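Numbering (our numbering), first residue to last: 443 to 560. Here's the structure, in structure tokens; my notes come after.
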């Protein structure tokens, strides 16, 4: 389970929640650091912030798609406009959650993403 977010408090909070649920999260502060890691191939699921300095979430998603990745991506954003949600889904995101979100919302999105995984 990979968490990609430029906000350290979001990374820490999500990682702690995932650990408490038995997951082993790996956190990245940028899309660049994630794409440079072997986790882009190994993740069970990616939680991806859309608005980050450098590579935006959509850029990371496009890169994964170009590599033929089948890793489920759940996009997260404080700017959850219809356009942002539509674009994320168009690019293959299996879920979209608006920040701030509850633990229940996040865990439900992860559960759905992992159920649909081949």
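Quick reminder that beta carbons are idealized off the backbone N, C-alpha and C, glycines included. Because the structure is a prediction, the values reported are computed rather than measured.
Residue i, enclosing alpha helix (DSSP H) - first and last residue
i	result
residue 501	499-508
residue 547	545-557
residue 492	Run containing residue 492: none; DSSP gives neither H nor E here.
residue 463	Taken as a continuous stretch (DSSP letters only), residue 463 belongs to no alpha helix (DSSP H), as it is neither H nor E.
residue 475	473-477
residue 531	524-532
CA-to-CA distance, residue j to residue i, given in whole angstroms
i	j	result
residue 531	residue 463	26 Å
residue 542	residue 554	19 Å
residue 529	residue 461	30 Å
residue 450	residue 523	24 Å
residue 443	residue 508	20 Å
Cβ-Cβ distance between residue i and residue j below 8 Å
i	j	result
residue 551	residue 527	no
residue 473	residue 494	yes
residue 540	residue 519	yes
residue 492	residue 548	no
Cutoff 7 Å; reference residue i; Cβ partners in own chain excluding five residues on either side
i	result
residue 477	502, 505
residue 448	471, 472, 491, 494, 495
Same chain, Cβ closer than 6 Å to residue i, neighbours up to 5 away in sequence not counted
i	result
residue 513	485, 488
residue 469	445, 453, 457
Where the beta strand (DSSP E) through residue i begins and ends
i	result
residue 537	537-540
residue 519	515-519
Other residues of its chain near residue i: CB distance less than 8 Å, five sequence neighbours each side excluded
i	result
residue 556	486, 487, 514
residue 498	473, 492
Anticipated Cβ contact below 8 Å, residue i with residue j, distance rounded
i	j	result
residue 467	residue 445	5 Å
residue 500	residue 533	6 Å
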